[in-house]
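When you line the sequence shown up against this note's numbering, it's residues 100 to 211, in that order.
Note that the Cβ used here is the ideal one computed from N, Cα and C, for glycine as well.
First up is the structure itself, then whatever we jot down about it.
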Amino acid sequence: MWIDLLAGRCPYCRRGRVFRGWIAMNETCPGCGTRFEKEPGYFVGAMYFSYFLAVPTFAGLVLLFARLLAGKPQSWTFAAALAVFVPMGPLFFRASRLMWLYFDAFLQKRRG
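Structure (structure tokens):
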């Protein structure tokens, strides 16, 4: 399951790709035809996963740059961390949506 999640495969058939580009998602799975966005606002829950990934990442970058830039103004530390963190946005977007899909698939299997 973890390899399929990291590869961006469908959580139901594990063959089709969820994304067709860096940010563009397929509407349905090319392998099994499962619709990914089941209803409007379906991916709002993915924001929790995004937050779970982003906050520790930014905190880690701040700690890293605080060590690397010791003796420099604190604003340099935060600016450097932000400069590295912002380009990671598409990565967090993809990861959070995939995690949400896998979480939902897990819950569906538990119910059914």
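Item, Value
"According to the Cβ coordinates, are F267 and E126 closer than 8 Å?", "Any property of residue 267 remains undetermined from this structure, which presents the chain solely from 100 to 211."
"From what residue to what residue does the alpha helix (DSSP H) around R166 run?", "A145 to L167"
"Does the count of Cβ pairs from the stretch 151-165 and the stretch 189-205 closer than 8 Å reach three?", "yes"
"Is it buried or exposed for F205, if we count other Cβ within 10 angstroms and need 16 for buried?", "exposed"
"To the nearest angstrom, report how far apart A180 and F164 are at their CA atoms.", "7 Å"
"Considering only DSSP beta bridges, list what M214 is partnered with.", "Since the first and last residues shown for the chain are 100 and 211, residue 214 lies out of range."
"Using the C-alpha atoms, what's the distance from L105 back to G130?", "17 Å"
"Opposite R108 in the DSSP bridges: which residues?", "R116"
"Going by DSSP, what residues sit across from R134 in a beta bridge?", "T127"
"M146: which of I102, R108, F191 and E138 sits nearest, CA to CA?", "F191"
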